[in-house]
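In this note's numbering, the protein residues as written are 3 to 114. This report refers to the structure that appears directly beneath it.
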Amino acid sequence: MTVICFLMREDVIIGFDMKGHSGAGKKGSDIVCAAISSAAYMTVNTITDVLAVKAQVEVSDGSMKLLVGSGDAEKCAATLKGFMLHMKQLARQKPHNIKIMTVNSGKEHYYA
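What follows is the structure in structure tokens.
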């Protein structure tokens, strides 16, 4: 299962931390994992290359993390909100493969 945690500060998305493989198919041919990864890379590339924001980005096998500074949060808000909405929609379609949660000021919220 892929768990995507959206990181919030004062109800503004400042990043995400994504871990795990969706388990919807074999590694390398898992269409759910491919959809998640593609959307995540597009989000990271839009923020770092199109918006020219210096974000903290960490990528390894089965995980990706993006964090923007407080000064850039508003600039990145629409991109991160779009990614979050897309992931919530995928999670509704594939609830056994994707789990969405948010962390806002120390409070965790889980979405199916």
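Glycine is no exception: its CB is placed at the ideal position from the N, C-alpha and C atoms.
Query	Result
Measure the C-alpha to C-alpha separation of residue 53 and residue 22 and round it to an integer number of angstroms.	28 Å
What did DSSP end up calling residue 13 once you bin it into helix, strand or coil?	coil
Touching or not, the region 89-104 and the region 66-80, by the rule of three or more beta carbon pairs under 8 Å?	no
Is residue 83 helix, strand or coil by DSSP?	helix
Is it true that the CB of residue 45 sits closer than 8 Å to the CB of residue 20?	no
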